[in-house]
Every structure is written in structure tokens, then in C-alpha cells.
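Written out below as C-alpha cells is the structure these notes cover.
Listed below in C-alpha cells is the structure:
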């Protein structure tokens, strides 16, 4: 384990240790909330804005946006990644953050880290052509490529730990209750 003052892989280990300590002392300190608003911008394109998030009951501002679009074969103009690619990218990014943070906590310096994800879905489900065909994936396959001066066993342990603790790995691999609401104006 590294000291609180160290930075490993660009991650301030003290910040992670502080978050862990605060969450142990008061579980409410670990409550993280996220908020996005997605607007249709024409055709198959959208823009999603990120304006705030919260941690431990405290709300902080953010100012980010990202777009999605579909390829022409799916009624888009191919001006951005499509929602499926963003979904996979969000899972990869969340797993990667966990991997980098866990490596930092273990004092493992990373030389490179890459996650590749792929999957196929049957568009008959999306198009409503066959009720027996689900609109989503049967499986997603992902590969983590890591180069680090660390024993294989430690990197495997970190990978398993990340799979157990990554929010997006969980959100994609386990059912999550969605609470829909429609407002017609």
C-alpha cells in the first residue's frame, strides 16, 4: 500500500484514502448522485449535458456535453458515437477508473491500459418485428490489456476486485430498476 502523499498513475492516493476513510466513518459520505439531460437535436442525433453531481449530500457543478448519432444505415449522419458505443465506452471507462485507482493503491505503476468491448444485438428486437427477440445484448465481451511492472497474480486480483466494485460493470451485468415518467407538453 502506498502513502497518502503519493501520486501513482496520475491518481492522488491520498484522495482515495480520504474518501475511503470518510465512507467508513459515515456511510452518507459515500452517497454519490449523478444527473444528465439528453435533448434530441434532429434525426437520430442527441446532445447530453452534465451540469451537476453530488457527493455526501453536497452538490457540485460541472459543465460537459457529449453527442450521439447513428450511422446512416440506422437513420443517422454518423457525426458521433451511437448510444451502444457510448454504453460500451462508459462501461470501459468505469472499469478503467477502478483498475487505475486499485493499481495506484497497490503502488503498481501502469505503462499502458486498454479495454476493448464488443457485442452484437438483433435489430429485430429494436424494430419490434419479433416479440421473442430481445432488443439488447445476450452478452458483451471485453478484454483488458495491461502492461505494468507487477506480478500476474496481483493484476488478476485487481481485475477481479474491479469487476466486483465497478458501478457500470454492475449496472450492465445486473438488473437495475428504472423508474420511468412521461411528461407530455
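Numbering (the numbering used here), first residue to last: 5 to 189. Note that the Cβ used here is the ideal one computed from N, Cα and C, for glycine as well.
Among the bridge pairs identified by DSSP, residue 71 is matched with 51.
When rounded, the separation of the alpha-carbon atoms in residue 122 and residue 75 is 17 Å. In this chain, the beta strand (DSSP E) harbouring residue 152 covers 145 to 152. Short of 6 Å from the beta carbon of residue 154, and not among the five residues preceding or following it, lie these beta carbons of its own chain, in chain order: 112. The count of Cβ pairs closer than 8 Å, one atom from the stretch 157 to 174 and one from the stretch 92 to 112, reaches three, so the stretches are in contact. Contact between residue 53 and residue 41 holds: CB atoms are separated by about 5 Å, below the 8 Å threshold. Annotation for residue 116: the continuous beta strand (DSSP E) segment containing it runs 114 to 122. C-alpha of residue 95 to C-alpha of residue 171: approximately 9 Å in a straight line.
The C-beta distance from residue 56 to residue 63 rounds to 5 Å, short enough to meet the 8 Å contact threshold. Residue 166 counts as buried, since at least 16 other C-beta atoms from the protein chains shown sit within 10 angstroms of its C-beta. With respect to residue 30, residue 48 sits apart: the two C-beta atoms are not nearer than 7 Å.
In the structure shown, residue 166 adopts helical secondary structure according to DSSP, grouped into three states. Restricting attention to 70, 28 and 173, the CA atom closest to the CA of residue 85 is found in 70. Boundaries for residue 185: no beta strand (DSSP E) harbours it, and the DSSP string shows neither H nor E there.
Following the DSSP letters along the chain, one finds residue 137 in no alpha helix (DSSP H), marked with neither H nor E. When the Cα atoms are used, residue 133 and residue 178 turn out to be separated by approximately 26 Å. DSSP places residue 128 in the helix class (H, G or I) of the three-state scheme. Per the DSSP secondary-structure output, residue 82 pairs with nothing in a beta bridge. Around the Cβ of residue 98, a 10 Å sphere holds 16 or more other Cβ atoms; the residue is buried.
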